[in-house]
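Colleague: Shown below is the structure under consideration.
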Amino acid sequence: MPSVDSATPKPRLFDEVRAVARMRHLSLRTEEAYLNWIRRFILFHDKLHPRDMSEPEIRAFISDLAVNRKISASTQTVALSALLFLYRDVLKRDLPYVGNIERAQKPKRVPVVFTRNEVNRVLAGLTGTNALVAGLLYGSGLRLIECLRLRVKDIDFEYGQITVRDGKGEKDRLTMLPRKLKPALIRHLRKVKVQYEEDLAAGYGEVFLPYALAAKYPNAGKSWAWQYVFPAPVLSRDPRSGQERRHHLSESTIQKAVKEAIRKSRIAKHASCHTFRHSFATHLLESGYDIRTVQELLGHKDVRTTMIYTHVLNRGGFAVQSPIDM
């Protein structure tokens with residue numbers, strides 16, 4: 078069989094993958110993850126070109142990840158999705174179901190949840206933009222990336238709601254805008270608008286637009302409505318277009334601040350930014366809200382995903398009473 082004559086596949090293959098990924102509107106993060114797994118797949122099979130491989134080679138690679146590399150079930154799923162994307166979407170190879178794969182075991186874990194007191198302690202340890210972002214994670218049940226990708230037009234102060242665009246599974250949904258956060262968010266947006274106007278005056282001020290909106294609405298990228306609610310402090314170069322502009326705030330900035338606030342609060346839990354979302358769901362259920370309502374606010378496709386939070390309630394003693402307490 079012919080082999081790839083370097084440590085990485087020919088640039089032409091990667092160019093094809095990137096082109097199809099962008100045509101399919103995959104995020105830059107997904108695109109880079111897929112390219113990484115395709116590269117590892119080729120190196121695993123001694124640099125054979127993917128056109129000279131098929132289901133047996135895919136099966137061997139994915140099984141090896143679980144058996145020898147001990148990767149998680151979710152990582153194994155991403156690797157398989159990358160290879161199916163390569164064959165079905167890029168190489169146009171009609172692959173049947175790839176079966177007989179040694180699957181990594183997905184552990185069933187109960188989510189870590191803050192008590193209401195712990196939420197207050199962590200939020201009290203944050204200031205400025207970090208505090209506002211964390212407040213929305215807890216008060217609106219947002220994922221961190223959903224919060225950072227918010228545009229000005231997605232905040233509706235009159236109706237008290239937030240529109241989450243292209244959430245997990247490319248779905249839109251509505252969630253509440255906490256009344257307590259409105260004044261701080263209004264003050265924050267005033268500061269953001271000053272920075273935006275300064276960028277415009279300096280010849281910048283244009284933000285990334287999803288899909289083909291930039292071609293359809295050429296001036297939308299410079300409008301106030303499309304600006305990020307939480308812009309980055311400095312301009313950066315877009316890795317796809319090469320254009321210099323202001324992206325949204327980095328996830329790591331918030332993650333580090335929250336981790337430090339948790340440490341200073343002396344909360345002995347393996348918590349993170351996502352713990353605010355878990356706490357949002359659990360505290361709503363504690364307050365008596367219907368599980369279907371919580372499902373919609375979280376954007377879960379299946380109510381069984383939301384039902385994990387009922388286990389947290391049970392663990393807290395709301396359903397079963399210890400005999401020593403009777």
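So the sequence shown is numbered by our numbering: it starts at 78 and just counts up by one. Glycine included, every Cβ here is placed at the ideal spot set by N, Cα and C. Bear in mind that the values here come from a model prediction, so they are computed numbers and not experimental data.
Ignore the nearest five residues each way along the sequence and tell me which others in Ile239's own chain have a CB closer than 8 Å to its CB.
Modeller: Leu213, Ser217, Leu219, Leu227, Asp231, Ile232, Asp233, Leu251, Thr252, Met253, Leu254
Colleague: Is the Cβ of Ile115 closer than 8 Å to any Cβ of chain C?
Modeller: Absence of chain C from the displayed structure is noted, only one protein chain being present.
Colleague: Indicate the three-state DSSP secondary structure (helix, strand or coil) for Gln238 in the structure shown.
Modeller: strand
Colleague: Taking 8 Å as the threshold (C-beta atoms), are Ile178 and Ile139 in contact?
Modeller: yes
Colleague: If distances are taken between C-alpha atoms only, which option among Leu125, Met384, Phe91, Val144 comes closest to Asp166?
Modeller: Cα-wise, what sits closest to Asp166 is Phe91.
Colleague: Using the three-state DSSP reduction, which class does Tyr294 fall into: helix, strand or coil?
Modeller: coil
Colleague: Quick one: grab the DSSP three-state call for Leu251.
Modeller: strand
Colleague: Whole-angstrom Cβ separation of Leu200 and Ala208, contact assumed at under 8 Å?
Modeller: Contact flag correct, Cβ pair sits at about 6 Å.
Colleague: Indicate the three-state DSSP secondary structure (helix, strand or coil) for Tyr305 in the structure shown.
Modeller: strand
Colleague: For Asp43, which residues from the same chain have a beta carbon less than 7 Å from its beta carbon, with the 5 sequence-adjacent residues on both sides left out?
Modeller: This structure gives no information on residue 43, because the portion of the chain shown stretches from 78 to 403.
Colleague: When you compare the CB positions of Tyr215 and Phe307, do they come within less than 8 Å of one another, or not?
Modeller: no
Colleague: Just the C-alpha distance for Ala302 and Leu203, rounded to the nearest angstrom, thanks.
Modeller: 28 Å
Colleague: On a Cα-Cα basis, can you pick out the residue from Thr107, Glu373, Lys185 that is closest to Asp249?
Modeller: Glu373
Colleague: With burial defined as no fewer than 16 other Cβ atoms inside 10 Å of the residue's Cβ, what is the status of Thr383: buried or exposed?
Modeller: buried
Colleague: When the Cα atoms are used, what is the spatial distance from Arg89 to His351?
Modeller: When only Cα atoms are considered, Arg89 and His351 end up about 39 Å apart.
Colleague: In angstroms, rounded to a whole number, what distance separates the CA positions of Val371 and Val97?
Modeller: 36 Å
Colleague: How many whole angstroms separate the CB atoms of Ile368 and Leu362, which I take to be in contact at a CB cut-off of 8 Å?
Modeller: 7 Å
Colleague: Between Arg256 and Gly237, is the Cβ-Cβ spacing less than 8 Å?
Modeller: Contact: yes.
Colleague: Considering only the beta carbon of each residue, do Pro133 and His355 sit closer than 8 Å?
Modeller: no
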